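Written below as structure tokens is the structure these notes are about.
Protein chains in written order, with the numbering used here: chain A, 1 to 308; chain B, 1001 to 1300.
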């Protein structure tokens, strides 16, 4: 298991080099002069030249590329063109906020999704089941940015219950709207998977035995059905978490959530290569770590699976 | 060898017609396609500006609320939102099909090559897909449109660029399962070349999953285009796009909720319908691996 984990992590290194190469190529084709951007629109040409030399933009591209890779290999993210602060410092500030948002969203979606699935499965073919499954079938279709806007209109503008955007203290009223927006599209999938998993277990003999010995319905579900239906549910939550991370940049920009997605977006708008590449690397590494964690968790709850 | 085509891609029309939801999807798409195709004959000019209007003896200024004349109301310049949405639908449909077409062709070619040719070729292509898939999709698409410059064609190229790796992997998986079949061996033994085997024997036998992946990827392409345009990285005025209409309407959510509201509803309905048709296709064709092509589509 340990060997497998180490190998998975090592396999990611060439992918990271590829990421950096693609980004470097793209950003250097990009029209716009970083030195001029840093100096501002009304800067003196001499100032622009000084910055160009200071930042090393006057060196041949391949030198800049090798230098860039070498710095990254040493764990040096460099300084942001925009804020001139060390990027590592910026990232340490913005990344925890993204983690907060992602956790809030995934907890919301897991709790509500699994609960809906349980309700649907235990009232199979009843009106609640049909309603939930119909909504589940429609759920994946919302464009995230529009959903965000509509929730802002309803809950912030008309009902005035929640702030439309911004960041408070992490887990407070500010996190509710972005987290719910991120969670909504996955509810349907989770409810569907949970329902299917539960129905499969509900048909087993040991459930009939539990019922026959007089165990109450709620206890049957909690003690016998849920633990046995857990594997597909946990796997789905894991893959759903990866999907959710993909939506993070959009949601952070719309809700002005100062996380790494918004940081990356701002960096792109400003043509800030070091900041953009650092945040893309962190996002990509987080996604692959979540993927790895899901695979390991899968082996943990299902001892029949062994990774070698 | 024609027989093998039928075997893998049997299309059970009766089952497709029996399921109601996919048919509803087909109906909605048909209406949207007709609206988009005959847009100039159906709706008024989406660029026509109307800065004042008399109502109950008073002069009012746009945005005007929805009424019989402007089904979806008007924007801040008095332009009919319904007309803008219909023209935006045109863009969405073109993007959906063009992006999916481009990424399917590229992904299928590379998937075929990757699955069929020796491991060294396979490794190179698969490592490239690894790199592409590691990118946060929306950020990569934004960066590419920033590089290529905004516009309909560049947006399609950018979105195809982020979409092909999924297709390549799907097709590769199919090829791996097919290439050791007896009929491939038979073709080789009578002297068929690699490309002939790939195109005449292997490709027809992966068509089922490819068709499903085509339809399942369209909603993602449509939503990403809308998302890019919403953030100003996509299609630029005067080309209409649902995403940029919604973006324009952001500033008016308190005084004119219909302005961003209706275009989003139409977008949702379109995406939903294509999804329903895709689900229906999966049910009737039942290709095992095609579902993976849907990953990441709801990220916008």
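Ideal placement from N, C-alpha and C gives every residue a C-beta, glycine not left out.
All values derive from a computational prediction rather than experimental measurement.
Exercise. What residue range is occupied by the uninterrupted alpha helix (DSSP H) comprising residue 173 of chain A?
Worked result: 173 to 202
Exercise. Does any residue of chain A bring its CB to less than 9 Å from the CB of residue 1223 of chain B?
Worked result: Yes - at least one Cβ of chain A is within 9 Å of the one on residue 1223 of chain B.
Problem set entry | alpha helix (DSSP H) runs contained entirely in the segment 89 to 123 of chain A, provided each spans 4 or more residues | none
Problem set entry | Contact with chain B by residue 288 of chain A, beta-carbon distance below 9 Å | Chain B, which has a Cβ nearer than 9 Å to the Cβ of residue 288 of chain A, makes this yes.
Problem set entry | Bridge partners - residue 1060 of chain B, DSSP secondary structure assignment | DSSP lists B:1053 as the beta-bridge partner residues of residue 1060 of chain B.
For this session: List the whole-angstrom C-beta distance separating residue 1167 of chain B from residue 1228 of chain B, where the pair is believed to meet the contact cut-off of C-beta under 8 Å.
Result: That belief does not hold up - the Cβ atoms of residue 1167 of chain B and residue 1228 of chain B are roughly 20 Å apart, past 8 Å.
Exercise. Can the beta-carbon of residue 157 of chain A be found closer than 9 Å to that of residue 1245 of chain B?
Worked result: The answer is no: Cβ separation not under 9 Å.
Exercise. What in chain B is Cβ-close to residue 42 of chain A, meaning under 7 Å?
Worked result: Under the 7 Å cutoff, chain B gives no residues; its nearest Cβ is about 24 Å from residue 42 of chain A.
Exercise. Excluding the five sequence neighbours on either side, which residues of its own chain have a C-beta within less than 8 Å of the C-beta of residue 1289 of chain B, listed in chain order?
Worked result: With a pLDDT of only 36 at residue 1289 of chain B, under 50, the local geometry of the prediction cannot be trusted, and the value read off the model is given with reservation. Here the set comprises 1170, 1173, 1174, 1209.
Exercise. Cα-Cα, which of B:1132, B:1032, B:1087 is closest to residue 1239 of chain B?
Worked result: B:1087
For this session: Would you list, in sequence order, the uninterrupted alpha helix (DSSP H) runs of no fewer than 4 residues that lie entirely inside the segment 22 to 48 of chain A?
Result: Counting only runs of 4 or more, we get 34 to 39.
Problem set entry | Local Cβ density within 10 Å of residue 1142 of chain B, reported as buried at 16 or more and exposed below that | buried
Exercise. With 16 other CB atoms within 10 Å as the buried threshold, where does residue 135 of chain A fall?
Worked result: exposed
Problem set entry | Among A:270, A:219, A:12, A:231, the one whose alpha carbon lies nearest that of residue 309 of chain A | Because chain A here runs from 1 to 308, residue 309 of chain A falls outside it and cannot be looked at.
For this session: Please state if the CB of residue 1133 of chain B and the CB of residue 1144 of chain B are separated by a distance shorter than 9 Å.
Result: no
Problem set entry | Length of the line joining the Cα atoms of residue 1047 of chain B and residue 1029 of chain B | 25 Å
Problem set entry | Beta carbon proximity, residue 1253 of chain B to chain A, threshold 9 Å | Cβ-Cβ to chain A under 9 Å: yes for residue 1253 of chain B.
Problem set entry | DSSP state of residue 1180 of chain B mapped onto helix, strand, coil | coil
For this session: Closer than 8 Å by beta-carbon distance: list the chain B residues that pair up with residue 284 of chain A, in chain order.
Result: Identification of chain B residues near residue 284 of chain A by a Cβ-Cβ cut-off of 8 Å yields 1134, 1135, 1136, ordered along the chain.
For this session: Output yes if chain A places a C-beta closer than 9 Å to the C-beta of residue 960 of chain B; else output no.
Result: Here chain B comprises residues numbered 1001 to 1300, so residue 960 of chain B is not present and cannot be evaluated.
Problem set entry | C-beta contact flag for residue 182 of chain A and residue 105 of chain A at 9 Å | yes
Exercise. Going by other Cβ atoms of all chains shown within 10 Å of its Cβ, with 16 needed for buried, is residue 53 of chain A buried or exposed?
Worked result: Exposed, since its Cβ has fewer than 16 Cβ neighbours within 10 Å.
Exercise. Going along chain A in order, which residues have a C-beta closer than 8 Å to the C-beta of residue 1142 of chain B?
Worked result: 265, 268
Problem set entry | Option nearest residue 1054 of chain B by Cα separation, candidates B:1247, B:1078, B:1152 | B:1078
Exercise. Does any residue of chain A bring its CB to less than 9 Å from the CB of residue 1279 of chain B?
Worked result: Residue contact check for residue 1279 of chain B against chain A: a CB pair falls below 9 Å.
For this session: Please name the residue, chosen from B:1179, B:1027, B:1220, that lies closest to residue 1271 of chain B on a Cα-to-Cα basis.
Result: Nearest Cα to residue 1271 of chain B within the set B:1179, B:1027, B:1220: B:1220.
Exercise. Tell me which same chain residues have a C-beta within less than 6 Å of the C-beta of residue 300 of chain A, skipping the five on either side of it?
Worked result: When the five nearest sequence neighbours on each side are left out, no beta carbon in the same chain lies closer than 6 Å to the beta carbon of residue 300 of chain A.
For this session: Put residue 79 of chain A into one of helix, strand or coil per three-state DSSP.
Result: If DSSP states are grouped into helix, strand and coil, residue 79 of chain A belongs with the strands.
For this session: Keeping to the same chain, check which residues put their C-beta closer than 7 Å to that of residue 187 of chain A; ignore five residues upstream and five downstream.
Result: 109, 112, 113, 116, 139
Exercise. Secondary structure at residue 1074 of chain B, three-state DSSP: helix, strand or coil?
Worked result: strand
Problem set entry | C-alpha distance - residue 298 of chain A paired with residue 291 of chain A, whole-angstrom precision | Each residue's alpha carbon lies about 11 Å from the other.
Exercise. Residue 1150 of chain B by DSSP, collapsed to three states: which one?
Worked result: Assigned with DSSP and collapsed to three states, residue 1150 of chain B falls in coil, not helix or strand.
For this session: Answer yes or no: do residue 1062 of chain B and residue 1075 of chain B have a C-beta to C-beta separation smaller than 9 Å?
Result: yes
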